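Have a look at the structure below before the remarks.
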Amino acid sequence: MSEIVAELKKIPPVTRFLVASSLGITIPAILQLVSPYKLLFVTPLIVKQWELWRLHTSFFLGSMRIEYIFELVMLYRNSNSLESQHYERRSSDYAWQLFLASIGIIAFNRPLGSYSHNRALLHTLTYVMCALSPPGAQTSVMGLLTIPIAYFPYALLGMDLLMGGIGVAAQGVSGMIVGHIWWWLVWGAGTGPGGVETGRFASWGRAPRWLRNWFGEREGANAGSSRGGYQAFAPRQRAEQTAGGRTTGYNWGGGQRLGSS
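3 is the number of the first residue of the sequence shown in the working numbering; add one for each residue after it.
What follows is the structure, encoded as structure tokens:
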């Protein structure tokens, strides 16, 4: 048990929270321990009856089908790639920007009348991760087709259209729009791995002081690794590196292709 706990602690905190939320919300619904209706985004119940937990649960209620395994793996790998590489030792900034992106997802899905924001969140993280990957990097779609990683969000959108129909694809589009806004306004066009945020509203992406303190990160320290004016304590394990010692873009796993068992 101690070994399992130790391995879980290696997962960056925000990613660990996202995966735990997904499992903690979807698995009880699959096992019929809780009604999925209690977890969906229903505006009258949120506004009039103060069922505020729906704001959270609607982002993590998965498909409750076999595809959920793929969704969970994608959620973990995309978030872990972002937090371990591009937000290394800056989990507070990642959490803050993800919170702002979630507000954008809700706003863009209001005209669609979406009851679940799970697919939109997945598309948002996928878009940002792919946008920050090294130019020319490639990935495999379900182990069948190798494409440039920059095109992967659109391939994922195509799979949503084929398997879920126009409604699910529309939610994916909303997530891609939010992801593009996040990348463009915070990171700036052309900023790749190892860079810093240079977008027009990059300063808005800095976490509030209370959130930095909650993550154990301080501003203005002199020792240790710093980035963007922040000093982080209790550093996490670094992302995998290439043989030359330079961190690469997205890591799709230890030699297995996406969608393979």
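Yeah, the Cβ is synthetic: ideal placement off N, Cα and C, and Gly gets one too.
Computed from a predicted structure; not experimentally measured.
* Considering only the beta carbon of each residue, do W185 and T200 sit closer than 9 Å? -> no
* Supposed close pair G64, L74 - CB separation, criterion 8 Å -> 7 Å
* Closest by CA to A171, which one among H182, G181 and Y156? -> Y156
* Buried or exposed: where does W98 fall if 16 or more other Cβ atoms within 10 Å of its Cβ makes it buried? -> buried
* Where G207 falls, given that 16 or more other Cβ within 10 Å makes a residue buried -> buried
* Taking C-alpha atoms, which residue in A204, H182, G138 and T141 lies nearest to L127? -> H182
* **Sequence-distant residues of its chain with Cβ nearer than 6 Å to S94 (five each side left out)** => A209, L213, R214, F217 and E219
* Please name the residue in A133, V175 and I108 whose C-alpha comes closest to that of L187. => A133
* **Three-state class that DSSP yields for L10 in the structure shown** => helix
* Give me the Cα-Cα distance between T59 and P30, rounded to the nearest whole angstrom. => 12 Å
* Within 10 angstroms of its Cβ, does V16 collect 16 or more other Cβ (buried), or is it exposed? -> buried
* Using the beta-carbon count (16 or more within 10 Å), is V7 buried or exposed? -> exposed
* Are the beta-carbon atoms of L123 and S104 separated by less than 9 Å? -> yes
* **Environment of T148 [buried if 16+ CB atoms lie within 10 Å]** => exposed
* Asked: Under three-state DSSP, which class holds L147?
  -> strand
* For S142: DSSP bridge partner residues -> T148
* Asked: Under three-state DSSP, which class holds E199?
  -> coil
* Asked: So does V180 have its beta carbon nearer than 8 Å to some heavy atom of the ligand FMN?
  -> Because no ligand of any kind appears in the structure shown, any question about the ligand FMN cannot be addressed here.
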